[in-house]
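Sequential numbering of the sequence shown, starting at 1, is according to the UniProt record's numbering. In what follows, a single structure is set out as structure tokens and then discussed.
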Amino acid sequence: MTAQNIQDDLSAPDTLELRAKLFRGLSDPSRLTILDALVSDERNVQEIVGHTGLGQPNVSNHLRCLLECGLVSRRSKGRFVRYRLADRRVADLIRDAGQLLASTANGVDACQSYTD
């Protein structure tokens, strides 16, 4: 499915499934923590570990997932690989979700449908 197809029909079954897959990718707390760390600046793995408190293997595994899904990109800088958000709209989505949560937090917290 191309980006143009997605823009043409946001309610098409294929598009809905892709959107659901995107949100499933964002639903993991570790991945969200990593994305939060990348909102303000690009970072290497050790910087992400320090910023998030996650273990290095955990960060590396989630970065691989985020990279494969196109949410982050990387570039080599010396002997380090630097990671950044692949699209600034990811930062906008995270900020918008925070604003939405500010007004719906009680309902989201009380919701029994979205438990682990």
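Ideal Cβ placement from N, Cα and C applies to all residues, glycine included. Predicted model only: the values in this text are computed from it and were never measured.
Using the Cα positions of residue i and residue j, report the straight-line distance between them to the nearest angstrom.
i, j, result
"residue 69", "residue 112", "29 Å"
"residue 83", "residue 74", "4 Å"
"residue 29", "residue 61", "13 Å"
"residue 15", "residue 72", "21 Å"
"residue 36", "residue 43", "11 Å"
"residue 93", "residue 110", "23 Å"
"residue 96", "residue 20", "17 Å"
"residue 79", "residue 87", "24 Å"
"residue 51", "residue 13", "38 Å"
"residue 65", "residue 47", "18 Å"
"residue 23", "residue 40", "21 Å"
"residue 106", "residue 76", "43 Å"
"residue 108", "residue 99", "13 Å"
Which same chain residues, not among the five before or five after residue i, have their C-beta less than 6 Å away from its C-beta?
i, result
"residue 49", "56, 59"
"residue 81", "74"
"residue 102", "none"
Mind checking whether residue i and residue j have CB atoms under 8 Å apart?
i, j, result
"residue 85", "residue 38", "yes"
"residue 54", "residue 33", "yes"
"residue 45", "residue 63", "yes"
Would you give the residue range spanned by the beta strand (DSSP E) that residue i belongs to?
i, result
"residue 73", "72-77"
"residue 84", "80-85"
Please list, in chain order, all residues of the same chain as residue i whose beta carbon is under 7 Å from its beta carbon, the five residues on each side excluded.
i, result
"residue 26", "32"
Would residue i count as contacting chain C if we go by Cβ distances under 8 Å?
i, result
"residue 29", "No chain C appears in this structure, which consists of one protein chain only."
For the alpha helix (DSSP H) that residue i lies in, which residues bound it at each end?
i, result
"residue 43", "Taken as a continuous stretch (DSSP letters only), residue 43 belongs to no alpha helix (DSSP H), as it is neither H nor E."
"residue 25", "13-26"
"residue 107", "88-110"
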